[in-house]
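In what follows, a structure is listed as structure tokens, so that the remarks can point back to it.
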Amino acid sequence: MTKQSRVLVLDFGGQYNLLIARRVRECGVYCEIKPWSLPLDQIRAFAPDGIIFTGGPATVFDAGAPMIDKEVFELGVPVLGICYGQQLMMQLLGGSCHSSLIREYGKVEVTHEDGSLLFDGIEPTSVFWMSHGVEVEKLAPGFRACAHTAGCPTAAVEDPQRRLYGVQFHPEVLHSVHGTEVLQNFLYKICGLKNEWKMASYSLQAIEECRAKVGNGKVLLALSGGVDSSVAAALLNRAVGDQLTCIFVDHGLLRKDEGDQVMDAMGVLGVKVIRVNAQERFLSRLAGVRDPETKRKIIGEEFIRVFEAEAKKIGKVDFLVQGTIYPDVVESGVGGESVVIKSHHNVGGLPDHVDFKEIIEPLRRLFKDEVRQLGIELGLPEKLVWRQPFPGPGLAIRVIGEITEDKLAILRDADAIFREEIANAGLDRSINQYFAVLTDLRSVGVMGDGRTYDYTLALRAVETQDFMTANWARIPYDVLEKASNRIVNEVKHINRVCYDITSKPPATVEWE
Ligand code: XMP
């Protein structure tokens, strides 16, 4: 097999590092993020076709600032330094940096000189995103400044002979109008790479790799019905077929028809799934529990217990599959330098008592949207692949207060109507998460000639990039009205519908 072209993104701890990797992959070039401290022999072993230094919070002339072995510039591999990366390149190659007289932050007009490959095809002056308080003072020998702003004479620098480039701005940020073109010029025209990182070829390669790793071994996968575990199941099924067993724990807290949909999708692909109907077990342990954290703990523990019990029936397995994706790898500090952002409370976790040799993480190099593309490639239905996130504890944290089967049934029906109306209005891709919450509040209403005393339902919909902050979605009134009318008319025991207009913070996305 010919070697896959790839770019190495060396992470100096800047906030846009994942974004750089995403953009490079969007240009159809495979890349990986590694910490700046990666030793030179490992850089060589990675055999990159291009290297990008990211930005970072340090000041390049301060003691203890992250450095890199100068020999990296002698590998003959093109380098693009971004922000801190540019300053580091100058400093190491004999130039120098100083604190900028004018600190540039935000959208800034950048004008480039003629004849720079980095700006090939880009209009002479355009807006790029800047965020810096340090700038290049003296160019390193062999370099010229190929772009400037009103306040910064070295907005971009280059030594085309050695194929070394630096930019003070952030091409990866969408506010940089021609940012993608700058990255494309670096990748295609300077590194000579092609737009060829495609899911179809990645899929074949990943299947081959899994097959080689598993050999004749037995593989176990905890299927949650979410996008990641479903795609991982589809991939391993292609790779090793019958050697894979998936365990799908139905805790009775799924949305309307969700369990059946997951089973149907897996059935079509021929994936072997054991569905454990553990509804009663979960509901009896949750009976009378009102406290949200206690609910979460019970569900987490019970989930592992049910999974372990099923796994024991299968006996010793060789591999356990986890649906870890690339942002998890990077955010947990394994892939790059950035600080740990969050380790989410996923139901499942790692069971202690399952006898397995090794973990397989077939999605650990993919971003979420790439996982979705891979899912489509592997034949999963669009509906499943484009599913919005759903918390592990499921509807248990959307039925406020005590959970009963009746309340779950009410919520399921109301939630299904809301989701249907959002989809009918064509909002299902633009709103990142939307669902119904059954409050613990009852109020008086009137229906026909009679008085009602029934539940209040809350609708929640948010727009967000990362779920750490979120804005409430401005759903058109007529869509809300239709959902509200249908819910009150079609779902017994709901006589009032509210729309949650709180963002996160101060609220969270889920109510519990
Ligand atoms: P919050 O409520 O923390 O939600 O603002 C942020 C995102 O995380 C999801 N969420 C969970 N996901 N297990 C999960 O797998 C959980 O316990 C959990 N709690 C919240 C939530 O749906 C939203 O997408």
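So the mapping is simple: this note's numbering equals the position in the sequence shown, first residue as 1, plus 5. Heads up, the beta-carbon is just placed ideally off N, CA and C, and yes, glycines get one too.
**Prompt:** Given Phe423, which residues of its chain have a CB within under 8 Å of its CB, disregarding the five upstream and five downstream residues?
**Reply:** The answer, listed in chain order, is Tyr439, Phe440, Ala441, Leu464, Ala488 and Ile492.
Name, in chain order, the residues that DSSP records as bridge partners for Arg447. In DSSP, Arg447 forms a bridge with Tyr460.
Original post:
When you compare each of Pro158, Ile309 and Ile506 to Val254 by their alpha carbons, which one comes out closest?
Top reply: Nearest option by C-alpha distance: Ile309.
- Query: Any heavy atom of ligand 1 closer than 6 Å to the CB of Gln96?
  - Reply: Here the distance from the Cβ of Gln96 to the nearest heavy atom of ligand 1 is not below 6 Å.
Counted within 10 angstroms of its Cβ, other Cβ atoms place Ala270 as buried (16 or more) or exposed
Using a 10 angstroms sphere on the CB of Ala270, the tally of other CB atoms reaches 16 or more, which defines it as buried.
Exercise. Among residues of its own chain, excluding the 5 on either side of Leu535, which ones have a beta-carbon nearer than 7 Å to its beta-carbon?
Worked result: Outside the modelled stretch of the chain, which goes from 6 to 517, sits residue 535, for which no answer is possible.
Hey, would you say Thr59 sits closer than 7 Å to Ile107, going by beta carbons? For Thr59 and Ile107, no; Cβs fall outside 7 Å.
Local conformation of Arg108 per DSSP, three classes: Residue state, collapsed to three classes: strand.
**Request:** Pick helix, strand or coil for Arg370, following the three-state DSSP scheme.
**Result:** Here Arg370 carries a coil assignment [DSSP, helix/strand/coil].
Rounded to the nearest angstrom, how far is the Cβ of Arg377 from that of Tyr331, given a contact under 8 Å?
With a Cβ gap of about 13 Å, Arg377 and Tyr331 do not count as contacting.
* Reference Val294; option with closest CA among Asp374, Gln248, Cys157 and Glu407 -> In this structure, Glu407 is the residue among Asp374, Gln248, Cys157 and Glu407 with its C-alpha nearest to the C-alpha of Val294.
**Asked** Which term fits Ala211, buried or exposed, when burial requires 16 or more other beta carbons within 10 angstroms of its beta carbon?
**Response** So Ala211 ends up on the buried side.
Self-check item: Tyr21 to Gly61 span [Cα, whole Å]
Solution: Using only the alpha carbons, I get a separation of about 9 Å.
request  = State yes or no: is the C-beta of Val276 within less than 7 Å of the C-beta of Asn242?
outcome  = Less than 7 Å divides the Cβ of Val276 from the Cβ of Asn242.
So, is Ile304 buried or exposed, given that buried needs 16 or more other C-beta atoms within 10 angstroms? By the neighbour-count rule (16 or more Cβ atoms within 10 Å), Ile304 is buried.
Assess, as a yes-or-no matter, whether the stretch 382–394 is touched by the stretch 447–464 under the definition of 3 or more beta carbon pairs within less than 8 Å.
-> Cβ pair count under 8 Å is below three, so no.
**Asked** Should Gln517 be listed as close to ligand 1, given that the test is whether its C-beta is under 6 Å from any heavy atom?
**Response** According to the sequence displayed, residue 517 carries Glu and not Gln. Not under cutoff, so the answer is no.
Review point. Just to check, is the beta-carbon of Gly399 closer than 6 Å to a non-hydrogen atom of ligand 1?
Key: It does not: the Cβ of Gly399 is nowhere closer than 6 Å to a heavy atom of ligand 1.
CB of Asp438 to nearest heavy atom of ligand 1: below 6 Å? The sequence as given places Gln at residue 438; Asp does not occur at that position. True, at least one ligand heavy atom lies under 6 Å from that Cβ.
Can you tell which of Lys75, Gly18 and Gly230 has its C-alpha closest to the C-alpha of Pro44? When each option's Cα is compared against that of Pro44, the closest is Lys75.
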